[in-house]
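Below is one structure, written out as structure tokens; comments come after it.
Number of protein chains: 2
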Amino acid sequence: MSKQKELPLLEAETSAPCCEPLAEHSISTADAIALAPAFKSLGDPIRLQLLSQIASAPEGETCVCDLNVGFDVSGPTISHHLKVLREAGLIEGERRGTWVYYTAVRERMSALAGLLVTGPAAV
Amino acid sequence: MSKQKELPLLEAETSAPCCEPLAEHSISTADAIALAPAFKSLGDPIRLQLLSQIASAPEGETCVCDLNVGFDVSGPTISHHLKVLREAGLIEGERRGTWVYYTAVRERMSALAGLLVTGPAAV
DNA sequence: CCTCTAGATTGACAGATCTCGAAACAGAGG
DNA sequence: CCTCTGTTTCGAGATCTGTCAATCTAGAGG
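Chains as they are written, first to last, in this note's numbering: chain A, 1 to 123; chain B, 124 to 246.
And the structure:
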């Protein structure tokens, strides 16, 4: 509970797992520790659906009021999952008046995808 | 209460979230339940490192005896993490004589990557 | 200023996960 | 057959996670 408050993913250029595939060469322990929380945040069905719903919104943003419908969990639980996704850097929230709107951070999603892909160059 | 006990990932190819990006359109609850365990299996630093080490092996396979070095956890723990990765369909193990060799399942890794990628057309 | 609604936070509890030591299993070799 | 080494499986304990009820905060509108 002391090392996944940080999101050094974007700033990981020090050892730089931003776009370098996992399969390129073995990643360091530090990189693994930095990256694991992001994947872990995707490891819950509700969060996966939330991210998908936010990322697939036509306007690019989704109101939390729209997210509450369609999930059979309570409001606080949705809020909790949104917080996890927020801390993983996968979404960002903005309050406009009464409602809160969330947008997906495409770069972060692509960065994670880049880690898993065997590589377009490898094909 | 409990909706994450199953791991029907291997048969998730029937409802086919194989390469369709999350951000294309909102995924179903069933697909989310099928996919989440795969991401969850990547949500541990040790498993991330194990997969990276296996996938980046020059010969395409890695002996468990080589995996034991470099990790400060016990043998059974390594074996447990390998089992999780195996059940997630990310690696496959083969016993040859005394030793067991693991290979990475590239298609599965690419499939997960395809879910996260924003898409070349969507940029 | 007061009230009302939308979200977020807190506290608590059941269930899952990580980790290890001990034991079991699989081959190789004597 | 017996033993030895490498790997997996089997409990068990400590920690983490998902969920909800209750409470709190931010802004809108009277």
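By construction, the Cβ of each residue, glycine as well, lies at the ideal position given by its N, Cα and C atoms.
Please read all numbers here as calculations on a predicted model, not as lab measurements.
Candidates the options, of which the one nearest residue i by Cα
i, options, result
"Val-48/A", "Asn-191/B, His-203/B, Thr-152/B", "In the sequence as displayed, the identity of residue 48/A is Leu instead of Val. Among Asn-191/B, His-203/B, Thr-152/B, the Cα nearest to that of Leu-48/A belongs to Thr-152/B."
"Gly-43/A", "Glu-184/B, Ala-211/B, Ala-227/B, Lys-206/B", "Ala-211/B"
"Ala-146/B", "Ile-33/A, Arg-95/A, Arg-106/A, Ala-34/A", "Arg-106/A"
"Ala-36/A", "Leu-112/A, Val-117/A, Thr-118/A", "Leu-112/A"
"Leu-82/A", "Val-73/A, Gly-93/A, Asp-72/A", "Gly-93/A"
"Gly-70/A", "Ser-56/A, Pro-58/A, Leu-50/A, Ile-91/A", "Leu-50/A"
"Ser-233/B", "Ala-155/B, Cys-188/B, Ala-178/B", "Ala-178/B"
"Val-117/A", "Ser-175/B, Ile-169/B, Arg-209/B", "Ser-175/B"
"His-203/B", "Arg-231/B, Thr-226/B, Ser-164/B, His-148/B", "Ser-164/B"
"Ala-157/B", "Ala-38/A, Ile-46/A, Ala-32/A, His-25/A", "Ile-46/A"
"Cys-65/A", "Arg-108/A, Leu-85/A, Arg-95/A, Asp-31/A", "Arg-95/A"
"Val-207/B", "Phe-162/B, Asp-154/B, Gly-183/B", "Phe-162/B"
"Ala-57/A", "Asp-195/B, Ala-180/B, His-148/B, Ile-214/B", "His-148/B"
"Ala-227/B", "Asp-154/B, Glu-182/B, Ala-155/B", "Glu-182/B"
CB contact check: residue i to chain A, cutoff 7 Å
i, result
"Pro-243/B", "Any reading at Pro-243/B must be qualified, since the residue scores a pLDDT of 44, below 50, and its modelled position is unreliable; the value itself is stated next. No, because no Cβ of chain A sits closer than 7 Å to the Cβ of Pro-243/B."
"Val-196/B", "no"
"Leu-249/B", "The requested residue 249/B is not part of the displayed model; chain B covers only 124 to 246."
"His-148/B", "yes"
"Ile-156/B", "yes"
"Gly-166/B", "yes"
"Lys-206/B", "no"
Cβ-based neighbour list, residue i, same chain, cut-off 6 Å, excluding 5 preceding and 5 following
i, result
"Cys-186/B", "Trp-222, Tyr-224"
7 Å Cβ cutoff, residue i in contact with chain B
i, result
"Val-100/A", "no"
"Ala-30/A", "no"
"Val-69/A", "no"
"Val-117/A", "yes"
Proximal residues of chain B, C-beta to C-beta of residue i below 7 Å
i, result
"Leu-97/A", "It is worth fixing the name first, because residue 97/A is Gly in this sequence and not Leu. Result: empty, since nearest Cβ-Cβ is about 25 Å, beyond 7 Å."
Cross-chain neighbours of residue i in chain A, by beta carbon under 7 Å
i, result
"Ala-211/B", "What Ala-211/B touches in chain A: nothing, since even the nearest Cβ is about 10 Å away."
Proximal residues of chain B, C-beta to C-beta of residue i below 8 Å
i, result
"Leu-22/A", "Leu-171, Leu-174, Ser-175, Ala-178, Ser-179, Met-232"
Same chain, Cβ closer than 7 Å to residue i, neighbours up to 5 away in sequence not counted
i, result
"Asn-191/B", "Gly-198, Ile-201"
"Glu-184/B", "Tyr-224, Tyr-225, Thr-226"
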